[in-house]
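Here is the structure we will look at, set down as structure tokens.
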Amino acid sequence: MNNTTPRVRELNLYRQYFDLVAAGTKTIEVRVKYPHLADLAAGDVIRFRIKGADETCEVEVRRVTEYPDFDALLDGEGPSNVNPTATRDEQLANIRAIYPPDKEALGALAIQMEVRS
Numbered sequence: 020m021n022n023t024t025p026r027v028r029e030l031n032l033y034r035q036y037f038d039l040v041a042a043g044t045k046t047i048e049v050r051v052k053y054p055h056l057a058d059l060a061a062g063d064v065i066r067f068r069i070k071g072a073d074e075t076c077e078v079e080v081r082r083v084t085e086y087p088d089f090d091a092l093l094d095g096e097g098p099s100n101v102n103p104t105a106t107r108d109e110q111l112a113n114i115r116a117i118y119p120p121d122k123e124a125l126g127a128l129a130i131q132m133e134v135r136s
């Protein structure tokens, strides 16, 4: 019998993306490969929180795929999985507004997730 408890990570998310995750329509989260996320793996749990609010949403990580940059990530994962409400070009601009070039150079992570019930 497996009694291991999944690792839980807490990450902040902007309201517009939080709502898409909570609704289950955003299935890929984009993050820079920071050292604290390098060991993120399938089975881990992410608790998304809107900064400054008490509202949270928990997802289970299904897969983590590393890409050299955001262009490759959007091509590999499909823009509609990252944000079904924006075009690929809009998404690329939005992601790069959050993460400047020096952060993107660390690598991009596509985190496939499913909302926990």
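Residue numbers (the numbering used here): 20 to 136. Yeah, the Cβ is synthetic: ideal placement off N, Cα and C, and Gly gets one too.
* Asked: Based on the DSSP secondary-structure assignment, which residues constitute the bridge partners of Arg31?
  -> The question names Arg, but residue 31 is Asn in the sequence shown. According to DSSP, which records beta bridges pairwise, Asn31 is partnered with Arg68.
* Quick one: grab the DSSP three-state call for Arg81. => Strand, per DSSP.
* To do: Taking 8 Å as the cut-off, decide whether the C-beta atoms of Leu59 and Arg81 are in contact.
  => no
* Asked: Which of the three DSSP states, helix, strand or coil, is assigned to Leu128?
  -> Residue state, collapsed to three classes: strand.
* Asked: Any idea which residues DSSP pairs Val51 with across the strands?
  -> Ala127
* **Rounded distance between the beta-carbons of Val64 and Pro98, thought under 8 Å** => That pair is no contact at about 26 Å.
* What's the call for Arg66, buried or exposed, on a 16-neighbour Cβ count within 10 Å? -> With fewer than 16 other Cβ atoms from the protein chains shown falling within 10 Å of its own Cβ, Arg66 counts as exposed.
* Return helix, strand or coil for Glu96, following the three-state DSSP convention. => helix
* **Nonlocal neighbours in the same chain, by C-beta distance under 7 Å from Asn100, ignoring five residues either side** => Thr46, Ile47
* Residue span of the alpha helix (DSSP H) that contains Leu111, given as start and end -> 107 to 117 is the extent of the alpha helix (DSSP H) around Leu111.
* Should Arg34 be labelled buried (16 or more other beta-carbon atoms within 10 Å of its own) or exposed? -> Arg34 sits exposed, since fewer than 16 C-beta atoms from the chains shown fall within 10 Å of its C-beta.
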